[in-house]
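Numbering that gives the first Met the number 0 puts the sequence shown at residues 0 to 180. Using N, Cα and C, we set each Cβ at its ideal position, and we do this for glycine too. Below is one structure, written out as structure tokens; comments come after it.
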Amino acid sequence: MHKSEAESQKGKTGTITFRLPSALIEELRRDAEVEGVSLNSYASKIFSNHILWERYERKVGLLPMTEAFLKETLHQLSDEQVVNLAQKLEKQKFKNILAFMNDNPTVGDFAELIRTWLNVSWMQQNVEVNDGAYRLKIQHNLGSKWSLYVRTLVSELAQDVLGKKAGIKVVGETITFSFSD
Numbered sequence: 000m001h002k003s004e005a006e007s008q009k010g011k012t013g014t015i016t017f018r019l020p021s022a023l024i025e026e027l028r029r030d031a032e033v034e035g036v037s038l039n040s041y042a043s044k045i046f047s048n049h050i051l052w053e054r055y056e057r058k059v060g061l062l063p064m065t066e067a068f069l070k071e072t073l074h075q076l077s078d079e080q081v082v083n084l085a086q087k088l089e090k091q092k093f094k095n096i097l098a099f100m101n102d103n104p105t106v107g108d109f110a111e112l113i114r115t116w117l118n119v120s121w122m123q124q125n126v127e128v129n130d131g132a133y134r135l136k137i138q139h140n141l142g143s144k145w146s147l148y149v150r151t152l153v154s155e156l157a158q159d160v161l162g163k164k165a166g167i168k169v170v171g172e173t174i175t176f177s178f179s180d
């Protein structure tokens, strides 16, 4: 998440023109309508997702998989195995992703990386920022093992990368993290 000029000048906008196939434009319009946003906002979201996440996905070894596969795979593991995978394997992978995207992430960068990961994974999430405190709420339908995995991964990453302990609350399939600067 290197700070691009576009990121450092939030609020500033520019105009650009693209020549796209008509069928593609119509599909984008339909998708924007389903999302309840303008075509411009929808295109901006697509470009932002690319800049913040998608251009790094393949480079750092991330793969898409179905929700059913992930849920069933996690269900077959013990809690201890889920925690072990989060601590020993995934934590290092995500630390490498963070280092690749931003050499010295702030709490805000960290929260944005987690938010973007969840967003491109189609998980419901909400980030609130209040006086330097970040609250990240995640809603999913992948079961208690996914909650355990995310809780373990994010809390360990916050400690290792930011040197901060994350406040964590898990209620069913809703996980809430809080961090402060």
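Among the residues of its own chain, which have a CB less than 7 angstroms from the CB of residue i, if the five just before and after it don't count?
i    : result
A181 : Given that the chain is displayed from residue 0 to residue 180, the structure contains no residue 181 and the question cannot be resolved.
N140 : E172
E34  : Y41
Less than 8 angstroms separating the beta-carbons of residue i and residue j?
i    : j    : result
E182 : A98  : Here the chain has residues from 0 to 180 only, and residue 182 is not among them.
N115 : I137 : Before going further, note that residue 115 is Thr rather than Asn in the sequence given. No, Cβ-Cβ distance for T115 and I137 is not below 8 angstroms.
D159 : K90  : yes
L73  : W145 : yes
T151 : V82  : yes
A157 : K168 : no
D180 : G131 : yes
N101 : D108 : yes
In the DSSP assignment, find the unbroken alpha helix (DSSP H) run with residue i in it and report its ends.
i    : result
T173 : Looking at the DSSP string, T173 is not in any alpha helix (DSSP H); the run it does join, the beta strand (DSSP E), is T173 to S179.
I15  : Unbroken run through I15: none, as it is neither H nor E.
A22  : S21 to E34
L38  : L38 to N48
E71  : E66 to H74
Among the residues of its own chain, which have a CB less than 8 angstroms from the CB of residue i, if the five just before and after it don't count?
i    : result
Q8   : In this predicted model, Q8 has a pLDDT of only 42, less than 50, meaning its place in the structure is not dependable enough to derive any value.
P104 : M0, L97, L112, V160 and L161
I need the boundaries of the beta strand (DSSP E) containing residue i, first residue and last residue.
i    : result
V170 : G166 to V170
Given residue i, which residues of its chain have a CB within under 6 angstroms of its CB, disregarding the five upstream and five downstream residues?
i    : result
A31  : L38 and Y41
G142 : K70
F93  : L156
G166 : S177
Can residue i be considered in contact with the ligand SAH, in the sense that its beta carbon sits closer than 7 angstroms to one or more heavy atoms?
i   : result
Q80 : Absence of the ligand SAH from the depicted structure is noted, as is the absence of any ligand whatsoever, leaving it without description.
**Prompt:** In the region 76-146, which residue ranges form an unbroken beta strand (DSSP E) of at least 3 residues, counting only runs that do not cross its ends?
**Reply:** Those beta strand (DSSP E) runs which fall completely within the region 76-146 and span 3+ residues are 123-129 and 132-138.
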